[in-house]
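*Asks:*
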Amino acid sequence: MADELFGEIMLPDELSQERAANLYIMALDESVAVVKYDREIHGGSCILWVMKEYGVVESWSRLHSIELVEVMERIVGFRKNGDILFSTNKSELVSYCPNT
781 MADELFGEIM LPDELSQERA ANLYIMALDE SVAVVKYDRE IHGGSCILWV MKEYGVVESW
841 SRLHSIELVE VMERIVGFRK NGDILFSTNK SELVSYCPNT
């Protein structure tokens with residue numbers, strides 16, 4: 781921990797004016813990821829962005845756009861097979877396959 785440094789990472793232009801309350805940062809494999817949530821009464825959507833080359837703002841890539849069903853709350857992790865894990869409002873986990 782003593783050797784870790786903290787700094788700023790620029791977001792993609794599409795997210796630069798977004799409210800911080802709608803954005804969540806996380807790790808995807810060895811990359812930085814940002815999830816943008818658009819909430820609605822019954823569901824909403826989320827967009828997953830990945831920075832493929834750390835620190836290079838031009839390397840941000842929009843990976844997935846996902847329509848959320850009512851019970852899905854937020855992304856909590858990723859499986860090795862590429863599935864995305866969501867928490868639900870019923871304290872459960874849902875595995876979502878974005879490639880089907």
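When we follow the working numbering, the leftmost residue of the sequence shown carries the number 781, and every step to the right adds one. All C-beta atoms, glycine included, are put in the ideal place defined by N, C-alpha and C.
1) Out of Glu872, Asp809, Thr868 and Pro792, point me to the one whose CA is closest to Leu746's CA.
2) Just to confirm, are Met806 and Ala813 a CB contact at a threshold of 8 Å?
3) For Phe786, count neighbouring Cβ atoms within 10 angstroms of its own Cβ and tell me buried if that reaches 16, exposed if not.
4) Does the distance from the C-beta atom of Arg842 to that of Tyr817 stay below 8 Å?
5) Taking Ala801 as part of the beta strand (DSSP E), name the residues at either end of that continuous run.
6) If I follow the unbroken beta strand (DSSP E) through Cys826, where does it start and stop?
7) Hey, out of Thr880, Glu784, Pro792 and Val874, whose CA is closest to Lys832's CA?
*Replies:* To lay it out plainly:
1) Past the boundaries of the shown model lies residue 746; the chain is included only from 781 to 880, so the question cannot be answered.
2) yes
3) exposed
4) no
5) Counting along the chain, Ala801 falls outside any beta strand (DSSP E), and DSSP gives it neither H nor E.
6) Gly823 to Met831
7) Pro792
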